[in-house]
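Take a look at the structure below.
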Amino acid sequence: MRAPGRARLAGLGGGERAIRLGPGSPLLLLLLLLLLLLLLFSFGCGWRSRCCSPVRRQKLPYECGSFPEPAAEGPGRGRAPTPGASRFCACDVRNQAEEADDISDPQAAPEAALGCIGDMADTPRDAGLKQAPTPRNEKAPADFGYVGIDSILEQMRRKAMKQGFEFNIMVVGQSGLGKSTLINTLFKSKISRKSVQPTSEERIPKTIEIKSITHDIEEKGVRMKLTVIDTPGFGDHINNENCWQPIMKFINDQYEKYLQEEVNINRKKRIPDTRVHCCLYFIPATGHSLRPLDIEFMKRLSKVVNIVPVIAKADTLTLEERVYFKQRITADLLSNGIDVYPQKEFDEDSEDRLVNEKFREMIPFAVVGSDHEYQVNGKRILGRKTKWGTIEVENTTHCEFAYLRDLLIRTHMQNIKDITSSIHFEAYRVKRLHEGSHAMSNGVEEKGPEAQEM
Amino acid sequence: MDKEYVGFAALPNQLHRKSVKKGFDFTLMVAGESGLGKSTLINSLFLTNLYEDRQLPEASARLTQTLTIERRGVEIEEGGIKVKLTLVDTPGFGDSVDCSDCWLPVVRFIEEQFEQYLRDESGLNRKNIQDSRVHCCLYFISPFGRGLRPLDVAFLRAVHEKVNIIPVIGKADALMPKETQALKQRIRDQLKEEEINIYQFPDCDSDEDEDFKRQDAEMKESIPFAVVGSCEVVRDGGTRPVRGRRYSWGTVEVENPHHCDFLNLRRMLVQTHLQDLKEVTHDLLYEGYRARCLQSLARPGARDRASRSKLSRQSATEIPLPMLPLAETEKLIREKDEELRRMQEMLEKMQAQMQQSQTQGEQSEAL
Numbered sequence: 001m002r003a004p005g006r007a008r009l010a011g012l013g014g015g016e017r018a019i020r021l022g023p024g025s026p027l028l029l030l031l032l033l034l035l036l037l038l039l040l041f042s043f044g045c046g047w048r049s050r051c052c053s054p055v056r057r058q059k060l061p062y063e064c065g066s067f068p069e070p071a072a073e074g075p076g077r078g079r080a081p082t083p084g085a086s087r088f089c090a091c092d093v094r095n096q097a098e099e100a101d102d103i104s105d106p107q108a109a110p111e112a113a114l115g116c117i118g119d120m121a122d123t124p125r126d127a128g129l130k131q132a133p134t135p136r137n138e139k140a141p142a143d144f145g146y147v148g149i150d151s152i153l154e155q156m157r158r159k160a161m162k163q164g165f166e167f168n169i170m171v172v173g174q175s176g177l178g179k180s181t182l183i184n185t186l187f188k189s190k191i192s193r194k195s196v197q198p199t200s201e202e203r204i205p206k207t208i209e210i211k212s213i214t215h216d217i218e219e220k221g222v223r224m225k226l227t228v229i230d231t232p233g234f235g236d237h238i239n240n241e242n243c244w245q246p247i248m249k250f251i252n253d254q255y256e257k258y259l260q261e262e263v264n265i266n267r268k269k270r271i272p273d274t275r276v277h278c279c280l281y282f283i284p285a286t287g288h289s290l291r292p293l294d295i296e297f298m299k300r301l302s303k304v305v306n307i308v309p310v311i312a313k314a315d316t317l318t319l320e321e322r323v324y325f326k327q328r329i330t331a332d333l334l335s336n337g338i339d340v341y342p343q344k345e346f347d348e349d350s351e352d353r354l355v356n357e358k359f360r361e362m363i364p365f366a367v368v369g370s371d372h373e374y375q376v377n378g379k380r381i382l383g384r385k386t387k388w389g390t391i392e393v394e395n396t397t398h399c400e401f402a403y404l405r406d407l408l409i410r411t412h413m414q415n416i417k418d419i420t421s422s423i424h425f426e427a428y429r430v431k432r433l434h435e436g437s438h439a440m441s442n443g444v445e446e447k448g449p450e451a452q453e454m
Numbered sequence: 184m185d186k187e188y189v190g191f192a193a194l195p196n197q198l199h200r201k202s203v204k205k206g207f208d209f210t211l212m213v214a215g216e217s218g219l220g221k222s223t224l225i226n227s228l229f230l231t232n233l234y235e236d237r238q239l240p241e242a243s244a245r246l247t248q249t250l251t252i253e254r255r256g257v258e259i260e261e262g263g264i265k266v267k268l269t270l271v272d273t274p275g276f277g278d279s280v281d282c283s284d285c286w287l288p289v290v291r292f293i294e295e296q297f298e299q300y301l302r303d304e305s306g307l308n309r310k311n312i313q314d315s316r317v318h319c320c321l322y323f324i325s326p327f328g329r330g331l332r333p334l335d336v337a338f339l340r341a342v343h344e345k346v347n348i349i350p351v352i353g354k355a356d357a358l359m360p361k362e363t364q365a366l367k368q369r370i371r372d373q374l375k376e377e378e379i380n381i382y383q384f385p386d387c388d389s390d391e392d393e394d395f396k397r398q399d400a401e402m403k404e405s406i407p408f409a410v411v412g413s414c415e416v417v418r419d420g421g422t423r424p425v426r427g428r429r430y431s432w433g434t435v436e437v438e439n440p441h442h443c444d445f446l447n448l449r450r451m452l453v454q455t456h457l458q459d460l461k462e463v464t465h466d467l468l469y470e471g472y473r474a475r476c477l478q479s480l481a482r483p484g485a486r487d488r489a490s491r492s493k494l495s496r497q498s499a500t501e502i503p504l505p506m507l508p509l510a511e512t513e514k515l516i517r518e519k520d521e522e523l524r525r526m527q528e529m530l531e532k533m534q535a536q537m538q539q540s541q542t543q544g545e546q547s548e549a550l
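Structure representation (structure tokens):
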């Protein structure tokens, strides 16, 4: 390296005597230049190698629960893509899919010359994936220890996309609180019971019925099997004693079904998951406090399913009334020992706790749902038009629908499913096993797969 | 001085002066689930703060709450006329998980007032009878539902023969205009289906002017009234201050007829039909109660033959009332003239006098 440098300088020295650099002899100058070049080099590579290190905790693609979105709306997703910074959290990559398009090519060019060992650019990738796996090209030549384990993220992501996701949501509340409309608004399609049954019965059923409707929806290549479970007749009668029993029975039946599948000798490769992941409980906007029915229901069900309480038809509450009402509800929930989602005891680490605390402050969400579109300021938005103004559903100054949607779909969907399967279902399973073993120990032969399991 | 002028055209003025001196009293009952804006509406209607010291119970307290009847009184004076307004509230209605028979205390209360009045009317000193009968019941229907709920129907069925019912849709700012119309129609249909008799605003006389008739027809069409209550004054920048509720998407004006039916309700309840409500309570509902009560006394055997004969004479003259079902009775009476009613009243007064002397005799016997 020295020879060319000297040659260069010599060439220069010949023609341009006029240029005299500061501290004396050309040799020193040469040394300085070389040092500078070396420093620049090592800096560049070292930075990239630091980024390349697989030491940080990786977030699995489906763990983020977010679906590919061009706009980075959710909390914590606003990080601008820096060229050269590797995309280890695949969510970021997906969220910035648009920018990734721009960057994928320029990244391939200049630093490729450095010749990274273990260059991942060679591995063939799905043409369908938008995000660029090419960041691997920028590995510093000095990082010999790169193995490529982090590509498992990609593999899992591809698999998850092929398999598709399942989500089962239950809506509970008195008739007329806008449950079907809210579901339609949440998933931006006509999937509620009302839309599917054209001859919607306006009559309140004599007993509580459980009606489940399944839809397959797709967004940006990700397929989801969404099941909405409706409970018409809840809380509508004069005597509402034990109206929660059919609902609890349904939830436990789903757990039982899953348990039976799990316990089989010849298990299916993928057990169909019909367990209720989330239960949206609708509180009428009275402005006072929770009703006894609300408390009884939530007390019992918060132990078996994730409950997300929402204040329905919140456009009757002014801001001050809303704040007061929420305070009363939170106090009521606390005094009755009701733990709604996100549950405090299931926070895994401080990071989770921080994010969840923000949501816990807002629960219950004051929502307004709508099927109708109106023209406001030149845009077509979902809302409700009255003589005194138009309520925009997705405007966070009007109602908290956007926050609910973010919680349920964009950020915490996978977490909800995990809690259902790892905590609620496990608790049910343990209870059943204890029942089974208790029966066995009493000398009663337990028939069925449980015996084999034990 | 006109030779043919006698001067009794001044009678209404004399009546007016006398009643102003006497003052009016009016008992209004509000019923409905909690959280429908009943207290706010009452405060807005009469521009008072009747519920100043109210403390809302916590949810856990409501678990064990039973229905109570609360009475609040306030004296309102306007233009030299004093009105003693008594408000009957029913906190705890529809609150508990099991609301079976939760309307029974209300029915019992209304009947107690009738009973009290009946006793006073038949008593010795009838100069200062306190009229504590419930003249009107504002029943609040939830805007969130799809019409009348089973509890609403059960309550209305239990009280519609005993008190004037005016159905009201509370917190009507939850509804868009089309939804309001649909809900009103649905409620009207349900009321007809369940044969619930609400207070019928009387038809205006044929000699009223067109404007008044149009207004009257409009008001009748907007039953049940979709109301929004508020006592807070909102100052919206340049516009004049209005009573309303301020949201981040607009302000609902309580007294704007395009926004809600509050003005209609206030006009009908306070300005035009206050007296009519009292009259209907006295002439129809109270009489119906009285007839039923006295008939039931007559049948299982009265205390002595004398009173029984008196009562049978009474019931003989009152055959139109107890024999026919009440709905038809109402129609018949409406068709009859004012004079027929006055004749009946006179007859009753005479009979009551006779009964009074009878009870006097009984009391002296008992002692």
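Residue numbers (full-length UniProt numbering), protein chains in the order written: chain A, 1 to 454; chain B, 184 to 550.
Yeah, the Cβ is synthetic: ideal placement off N, Cα and C, and Gly gets one too.
Computed from a prediction, not measured in an experiment: that's the story for all the values here.
- What B:Ser283 touches in chain A, judged by beta-carbon distance under 7 Å, is Ile238 and Asn239, going in chain order.
- Scanning the segment 237 to 290 of chain A from its first residue to its last, the whole beta strand (DSSP E) runs of 3-plus residues come out as 278 to 284.
- Of all alpha-carbon atoms in B:Met451, B:Gln368, B:Leu307 and B:Ala214, the one lying nearest the alpha-carbon of B:Gln541 is that of B:Leu307.
- In this structure, the straight-line span from the alpha carbon of B:Pro240 to that of A:Asn168 is close to 36 Å.
- Sorting A:Leu334, A:Arg322 and A:Lys431 by C-alpha distance to the C-alpha of A:His398 places A:Arg322 at the top.
- In this structure, A:Val310 sits away from A:Val276, with a CB-CB distance that is not shorter than 8 Å.
- In the three-state scheme derived from DSSP, where H, G and I count as helix and E and B as strand, A:Thr420 is classed as helix.
- Residues of chain B with a Cβ closer than 7 Å to the Cβ of A:His424 do not exist; the shortest Cβ-Cβ separation is about 25 Å.
- At a Cβ-Cβ threshold of 8 Å, A:Glu241 and B:Asp281 count as neighbours.
- If you draw a straight line from the Cα of B:Arg525 to the Cα of B:Phe191, it is about 19 Å long.
- Membership of B:Arg200 in the alpha helix (DSSP H) is indicated by the continuous run Leu194 to Lys205.
- A Cβ of chain A is located within less than 8 Å of the beta carbon of B:Met359.
- Residues of chain B whose Cβ lies closer than 7 Å to the Cβ of A:Ser180 do not exist, since the nearest Cβ in that chain is about 12 Å away.
- Within the same chain, Cβ atoms closer than 6 Å to the Cβ of B:Val336 are found at Glu377, the five residues on either side in sequence being excluded.
- Under the Cβ criterion (8 Å, minimum of three pairs), the segment 192 to 205 of chain B does not count as touching the segment 332 to 352 of chain B.
- Here B:Gly206 has Ile264, Lys265, Val266 and Lys267 as same chain residues with Cβ atoms under 8 Å from its own Cβ, once five neighbours each way along the sequence are excluded.
- A distance below 8 Å separates the beta carbons of B:Ser227 and B:Ser413.
- Residue-level contact by beta carbon fails for B:His343 and chain A, as no gap is shorter than 8 Å.
- Annotation: B:Leu448 to A:Glu426 spans about 58 Å, alpha carbon to alpha carbon.
- Around B:Val290, the same chain offers Ala341, Val342 and Lys345 as residues with beta carbons nearer than 8 Å, after the five sequence neighbours per side are excluded.
- With a beta-carbon spacing of about 5 Å, B:Ile293 and B:Val317 fall inside the 8 Å limit used to define contacts.
- According to the DSSP assignment, A:Ser350 belongs to the alpha helix (DSSP H) that extends over Ser350 to Met362.
- DSSP places A:Leu226 in the uninterrupted beta strand (DSSP E) bounded by Val222 to Asp230.
- For A:Pro246, no chain B residue has a Cβ inside 9 Å of its Cβ, as the nearest lies near 15 Å away.
- Listed in chain order, the positions of the segment 314 to 327 of chain A with a beta carbon within less than 8 Å of a beta carbon of chain B are Asp315, Thr316, Thr318 and Leu319.
- In the displayed model, B:His318 falls within coil according to three-state DSSP, outside both helix and strand.
- Taking A:Phe297 as the centre and dropping the five residues before and after it, the same chain places the C-beta of Trp244 closer than 6 Å to its C-beta, in chain order.
- A buried status is given to A:Leu317, since no fewer than 16 other beta-carbon atoms sit within 10 Å of its beta-carbon.
- Looking at the DSSP output, B:Lys265 sits in a beta bridge with B:Glu260.
- Identification of chain B residues near A:Gly378 by a Cβ-Cβ cut-off of 7 Å yields none; the smallest Cβ-Cβ distance measures about 17 Å.
- For A:Tyr374, the uninterrupted beta strand (DSSP E) run begins and ends at Glu373 to Val376, by DSSP.
- It is roughly 8 Å from the alpha-carbon of A:Glu373 to the alpha-carbon of A:Arg384.
- Sequence-distant Cβ neighbours of A:Gln163 in its own chain, meaning closer than 8 Å and more than five residues away, are Arg270.
- Take B:Phe297, set aside five residues on each side of it, and the residues of its chain with a beta-carbon closer than 7 Å to its own are Arg316, Tyr469 and Tyr472, in chain order.
- Taking a cut-off of 8 Å on C-beta distances, the segment 384 to 392 of chain B does not touch the segment 414 to 422 of chain A, as fewer than three cross pairs fall below it.
- The C-alpha of A:Val368 is placed about 7 Å away from the C-alpha of A:Leu182.
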